[in-house]
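This is the structure we're talking about:
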């Protein structure tokens with residue numbers, strides 16, 4: 001009996017005094033309740049960013065296509081821009097919004113040709129902008145949809161030359177039937 005009493009006293013002295021032994025569980029349950037009450041609010045901003053991200057990507061890709069110089073903007077040996085290429089660079093560097101004034105060059109099969117196109121575009125861009133062109137033309141994987149102006153002019157000229165003259169059909173009698 002004496003041993004049991006001593007053991008009980010030792011345990012009582014060693015255990016800290018705690019009025020509510022479920023305190024940890026209560027705190028856990030209270031935190032989960034607060035999270036459940038706030039549940040959608042913590043994810044709204046992230047959800048909005050994720051919903052808007054594709055639109056920002058589409059806008060960037062649209063400006064990349066808009067500011068793209070294709071194969072038809074350079075002469076055969078890529079040492080000079082064609083007249084349409086010069087006008088395109090001038091438009092990009094003077095008329096587009098300042099934050100979108102970036103030249104993109106369609107990649108060629110050879111890296112040497114691509115680098116030569118970039119150097120040609122940068123050289124002309126420095127001539128167009130008086131303060132100097134701050135950026136450099138960037139190669140891109142997007143393909144230009146355009147064609148040389150000579151080809152477009154030839155197609156339009158042939159269409160006009162081969163268009164039949166407009167004629168009215170021959171009359172086959174009165175337009176209103178007689179009664």
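Residue numbers (the numbering used here): 1 to 179.
C-beta: ideal position from N, C-alpha, C; glycine also.
Because the structure is a prediction, the values reported are computed rather than measured.
Determine the direct distance from the alpha carbon of residue j to that of residue i, and round the result to whole angstroms.
i	j	result
residue 149	residue 84	8 angstroms
residue 98	residue 38	42 angstroms
residue 34	residue 59	40 angstroms
residue 198	residue 45	This structure does not reach residue 198, given that the chain is present from 1 up to 179, and the question cannot be answered.
residue 156	residue 163	11 angstroms
residue 153	residue 172	41 angstroms
residue 100	residue 166	47 angstroms
residue 87	residue 126	14 angstroms
residue 31	residue 41	16 angstroms
Skipping 5 residues on each side, what residues in its chain have a beta carbon closer than 7 angstroms to that of residue i?
i	result
residue 120	74, 78, 79, 80 and 81
So what does DSSP say about residue i, is it helix, strand or coil?
i	result
residue 229	Any property of residue 229 remains undetermined from this structure, which presents the chain solely from 1 to 179.
residue 160	helix
residue 149	helix
residue 165	coil
residue 6	helix
residue 22	coil
residue 29	helix
May I ask which residues mark the beginning and end of the alpha helix (DSSP H) holding residue i?
i	result
residue 140	That residue, residue 140, is in no alpha helix (DSSP H); its beta strand (DSSP E) goes 138 to 140.
residue 120	111 to 128
Leaving out the 5 sequence neighbours to the left and right, which residues in its chain are closer than 8 angstroms to residue i when beta-carbon positions are compared?
i	result
residue 142	61, 64, 65, 68, 104 and 106
With a threshold of 6 angstroms on Cβ separation, who are the neighbours of residue i within its own chain once the five nearest residues in sequence on each side are excluded?
i	result
residue 136	122
residue 118	105 and 137
inquiry  = At 4 residues or longer, what runs of the alpha helix (DSSP H) sit wholly inside the region 31 to 107?
reply    = 41 to 66 and 83 to 95
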